[in-house]
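Colleague: If you scroll down you'll find the structure; I have some questions about it.
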Ligand code: WTA
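Numbering (this note's numbering), first residue to last: 171 to 852.
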């Protein structure tokens, strides 16, 4: 079944921007052979305050043997992201079009924002940022839930040329502090709190803690701007904090006095709505050079220290816009919904930048798939008549569990394109998505990409690509994937190896913030002349690419990347722990989960209390999503004579597979049997 090929629905294909494999191949070939021509035609759709010249359109070096790695697109051009996303849409008659339908955690809370209003709010907030002393190039940290003020804050940064660094609001205060420290953030934007399902999170308290930690390390966040969100939403018990219910705008008037125990520093903190009151609704855009930084987004690194992935202006704009248009085949009256949190790259490119660059109408969803009931996704699709729905395999798998009846209650016939991102999608989940959610007529785009790639790099196109469940299929325009073996030899035709890219596309990262050296060693050192993704892939006899998962020390838990080193270092900080080793174990819903081996210090016991403390520590230091599933006692670890932990063996122990392979290089072979004996049941 899984090898069956699914062809795009004829009606969808007929109307698609790219409607056949032949057209895809022609366009792809052109984009590779003559990137300047291909992308300069696309760039014409946008506004450039100053133009690039043909000979400067594209230059790069991927080969460390030839010198430093660099990637430049459209040198000499200048533009402004918010101008292209907002002013341009308003000017061409889309002012009254809805940019975002906001759907709250509670179904009673909803709101909407037109392009005109989004422009005004963005300008107002840009002026607020200026009044706080934010200048071009300054970093602004953002720690917010999925509310309308989040895209407004990001766009306001781009308006004045400030660099935003959004930190997922599920991270702990330590993680937030580390990121603000690294980027030397001047301002932090947050929210008093948020209801996630029936749980209340006081985000401002987490921010206070993080700002305190930053200060201890002698950097200071000068201002903290806080959205008063709790008073205007319905709490799970059915009452609002100030009695207001249902539909509301984004400019409520509250003096903030009825906030539930929100800590406050008069010199540093201010309320968003108070600052916005007198701010002007227009703000002249800062014209940014093509390669000026646009944003930093932190992603896990294999050493444990997060990497500040840096994206720049012009290339990111044209790539986000073009992938959005072709991969979702977005048409003017469509309603698009991406469920990803803006705190991840998917939310940056496919909730904010890509859709707005295309004048799209999107749903911005604050809640979870499970609240108030497990049918929330299907309910929202029906409510807004969503046409494109983009989510993650982990969400699909967790919703499959509840049975088909919850889905069948709703009319999902508006759907045309379904998207998947974050990890390989297993064929069972793919087929459920296809048959039940897409009623057998929607195309599924299994989009492979990374924080580093900025946008989709390997993906089907909905009107063109015959689909194989679980295959991300073919490269997007401008992308040249290759498979290499361990020695860096090219694998032609069928085979499996390291997935690398041969040349840059406009949307790829340019560097790691303030650490170009690490950028080069992480991505360009192993295979000279190629960008190394860290993922493995297989090419089948039809040329389809199948992503097989990470081949470095990274884990992918529910689509969240983290490194084993990151978790190990947190575990090892515990006073009872001598040594910790972490591996991934397959998990039916999360894709992978964390399996930890703990060697206690002399005289310390390994018991339930220690296990609970360790889980808590990981939650606090990284975030709840990183909590280990299994913590096993390991009186010793399988190590080579040189002391290197053999994670390959630990992975076998984690899944209970006695077939561990060669153990002759181990310093102490008996440890393997012992670890099998100590495996916790199930
Ligand atoms: C994995 C998320 C298989 C992969 C956009 C990659 C995928 C990492 C897919 C990046 C997919 C993402 N099929 N694996 N369609 N999409 N991945 O930076 O391991 O959060 O390297 O970006 O997710 O995760 P990141």
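Ideal Cβ positions, reconstructed from N, Cα and C, are used throughout, including at glycine.
Could you have a look at residue 414 and say whether DSSP puts it in helix, strand or coil?
Modeller: Translated into positions along the chain shown, residue 414 becomes position 244. Note on residue 414: pLDDT 41, under 50, position unreliable in the model; the coordinate value appears next. Reduced to three states, the DSSP call for residue 414 is coil.
Colleague: So does residue 376 have its beta carbon nearer than 7 Å to some heavy atom of the ligand WTA?
Modeller: For the purposes of this step, residue 376 is taken as the residue at position 206 of the chain shown. Because no heavy atom of the ligand WTA lies under 7 Å away, the Cβ of residue 376 does not count as near it: no.
Colleague: Using a Cβ distance threshold of 8 Å, determine whether the segment 791 to 808 contacts the segment 762 to 779, with at least three qualifying pairs required.
Modeller: In short, these stretches touch, since the Cβ pair count reaches three.
Colleague: Measure the alpha-carbon distance for residue 569 versus residue 594 and round it to whole angstroms.
Modeller: Stepping through the chain shown from its first residue, residue 569 is reached at position 399. Stepping through the chain shown from its first residue, residue 594 is reached at position 424. In a straight line, the C-alpha of residue 569 is about 17 Å away from that of residue 594.
Colleague: Give a single yes or no on whether residue 800 has its beta carbon closer than 7 Å to a heavy atom of the ligand COA.
Modeller: This structure lacks the ligand COA; its bound ligands are the ligand WTA.
Colleague: Work out the CA separation of residue 700 and residue 673 for me, nearest whole Å.
Modeller: Here residue 673 refers to the residue found at position 503 when the chain shown is read from its first residue. Here residue 700 refers to the residue found at position 530 when the chain shown is read from its first residue. Going from the Cα of residue 673 to the Cα of residue 700 covers about 7 Å.
Colleague: For residue 660, which residues in the same chain have their Cβ closer than 7 Å to its Cβ, ignoring the five residues on either side in sequence?
Modeller: The sequence position of residue 660 within the chain shown is 490, counting from 1. These residues qualify, in order along the chain: 652, 654.
Colleague: Tell me the DSSP secondary structure of residue 143 in three-state form.
Modeller: Lying before the first or after the last residue shown, residue 143 is absent from the chain, which here runs from 171 to 852.
Colleague: Tell me where the alpha helix (DSSP H) around residue 658 begins and ends.
Modeller: Position 488 of the chain shown, counted from the start, is the residue given in the question as residue 658. Unbroken run through residue 658: none, as it is neither H nor E.
Colleague: Taking all protein chains shown into account, decide if residue 763 is buried (16 or more other Cβ within 10 angstroms of its Cβ) or exposed.
Modeller: Along the chain shown, one-based indexing puts residue 763 at 593. Residue 763 comes out buried.
Colleague: Could you tell me which residues DSSP puts in a beta bridge with residue 732?
Modeller: As a working note, residue 732 is residue 562 in the chain shown. 725, per the DSSP bridge assignment.
Colleague: If I measure Cβ to Cβ from residue 184 and keep anything under 7 Å in the same chain, skipping five residues before and after, which residues do I get?
Modeller: Counting from one through the chain shown, the residue named residue 184 turns up at place 14. Excluding positions up to five away in sequence, the list is empty.
Colleague: Suppose the cutoff is 6 Å on Cβ atoms and the five residues either side in sequence are ignored; what does the same chain contact list for residue 380 look like?
Modeller: For the purposes of this step, residue 380 is taken as residue 210 along the chain shown, with counting starting at 1. If we look at residue 380 and ignore the five residues flanking it on each side, its Cβ neighbours are 343, 346, 347.
Colleague: From 177, 190, 178, 198, pick the residue whose C-alpha is nearest to that of residue 647; which is it?
Modeller: Taking the first residue of the chain shown as 1, we reach residue 647 at position 477. The residue with the shortest Cα to Cα distance from residue 647 is 198.
Colleague: Is the distance from the Cβ of residue 377 to the Cβ of residue 400 below 8 Å?
Modeller: The residue labelled residue 377 in the question sits at position 207 within the chain shown. The residue labelled residue 400 in the question sits at position 230 within the chain shown. No. Outside cutoff.
Colleague: Contact between the segment 290 to 300 and the segment 322 to 333: three or more CB pairs below 8 Å?
Modeller: Taking 8 Å as the limit for Cβ pairs, the verdict is that the segment 322 to 333 does touch the segment 290 to 300.
Colleague: Using 8 Å as the threshold, is the C-beta distance between residue 318 and residue 272 below it?
Modeller: Translated into the one-based positions of the chain shown, residue 318 becomes position 148. Translated into the one-based positions of the chain shown, residue 272 becomes position 102. Yes, the pair counts as a contact, with Cβ atoms nearer than the cut-off.
Colleague: In the structure shown, what three-state DSSP assignment does residue 175 receive?
Modeller: Walking along the chain shown from the start, residue 175 turns up at place 5. Of the three classes helix, strand and coil, the one that applies to residue 175 here is coil, per DSSP.
Colleague: Where does residue 602 fall in DSSP's three states?
Modeller: Taking the first residue of the chain shown as 1, we reach residue 602 at position 432. In this structure, residue 602 counts as helix in the three-state DSSP scheme.
Colleague: Taking residue 827 as the reference, which of 756, 774, 780 has the closest Cα?
Modeller: Indexing the chain shown from 1 puts residue 827 at position 657. Closest by alpha carbon: 756.
Colleague: Sort out for me which residues DSSP pairs residue 668 with in a bridge.
Modeller: As a first step, residue 668 is located in the chain shown; it is residue number 498 there, counting from the start. Paired residues: 654, 706.
Colleague: Nearest-angstrom Cα distance between residue 846 and residue 562?
Modeller: As a first step, residue 846 is located in the chain shown; it is residue number 676 there, counting from the start. As a first step, residue 562 is located in the chain shown; it is residue number 392 there, counting from the start. Going from the Cα of residue 846 to the Cα of residue 562 covers about 34 Å.
Colleague: Kindly confirm or deny that the segment 203 to 220 and the segment 275 to 289 touch, where touching means at least three C-beta pairs closer than 8 Å.
Modeller: Output reads no: the segment 275 to 289 does not touch the segment 203 to 220.
Colleague: Do you know offhand how far residue 305's Cα is from residue 239's?
Modeller: Stepping through the chain shown from its first residue, residue 305 is reached at position 135. Stepping through the chain shown from its first residue, residue 239 is reached at position 69. Distance between the alpha carbons of residue 305 and residue 239 is about 29 Å.
Colleague: What are the start and end residues of the alpha helix (DSSP H) that includes residue 185?
Modeller: Against the chain shown, residue 185 aligns to sequence position 15. Residue 185 -> alpha helix (DSSP H) spans 180 to 185.
Colleague: Taking contact to mean at least 3 C-beta pairs separated by less than 8 Å, is the segment 455 to 475 in contact with the segment 723 to 742?
Modeller: With the cut-off at 8 Å, the segment 455 to 475 and the segment 723 to 742 touch.
Colleague: Where in the segment 198 to 237 do unbroken runs of the alpha helix (DSSP H), each at least 4 residues long, occur, reported from the N-terminal end onward?
Modeller: Runs found: 205 to 213.
Colleague: Any heavy atom of the ligand WTA within a distance shorter than 7 Å of the CB on residue 328?
Modeller: Translated into positions along the chain shown, residue 328 becomes position 158. Flag unset: Cβ of residue 328 not near the ligand WTA.
Colleague: Taking only three categories from DSSP, how would you classify residue 610?
Modeller: Here residue 610 refers to the residue found at position 440 of the chain shown. DSSP places residue 610 in coil when its eight states are reduced to three.
Colleague: Can you tell me the Cα-Cα spacing of residue 622 and residue 775, whole angstroms?
Modeller: The residue labelled residue 622 in the question sits at position 452 within the chain shown. The residue labelled residue 775 in the question sits at position 605 within the chain shown. Going from the Cα of residue 622 to the Cα of residue 775 covers about 42 Å.
Colleague: Residues in its own chain within less than 6 Å of residue 383 by CB, not counting five upstream and five downstream?
Modeller: As a working note, residue 383 is residue 213 in the chain shown. These residues qualify, in order along the chain: 347.
Colleague: Determine the DSSP secondary structure at residue 847, reduced to helix, strand or coil.
Modeller: Reading the chain shown from its first residue, position 677 is the one you call residue 847. Helix.
Colleague: Is the distance from the Cβ of residue 533 to the Cβ of residue 615 below 8 Å?
Modeller: To locate residue 533, count along the chain shown from 1; it is residue 363. To locate residue 615, count along the chain shown from 1; it is residue 445. Contact: no.
Colleague: Going by DSSP, what residue range makes up the alpha helix (DSSP H) through residue 489?
Modeller: Locating residue 489 in the chain shown gives position 319, counting from the first residue. Note, residue 489: alpha helix (DSSP H), 483 to 498.
Colleague: So residue 443 and residue 465 are supposed to be a Cβ contact under 8 Å. How far apart are they, rounded?
Modeller: Translated into the one-based positions of the chain shown, residue 443 becomes position 273. Translated into the one-based positions of the chain shown, residue 465 becomes position 295. Their Cβ separation, rounded to whole angstroms, is 25 Å, which puts residue 443 and residue 465 out of contact at 8 Å.
Colleague: Please indicate yes or no: does the CB of residue 704 lie closer than 7 Å to some heavy atom of the ligand WTA?
Modeller: Here residue 704 refers to the residue found at position 534 when the chain shown is read from its first residue. Yes, Cβ of residue 704 sits closer than 7 Å to a heavy atom of the ligand WTA.
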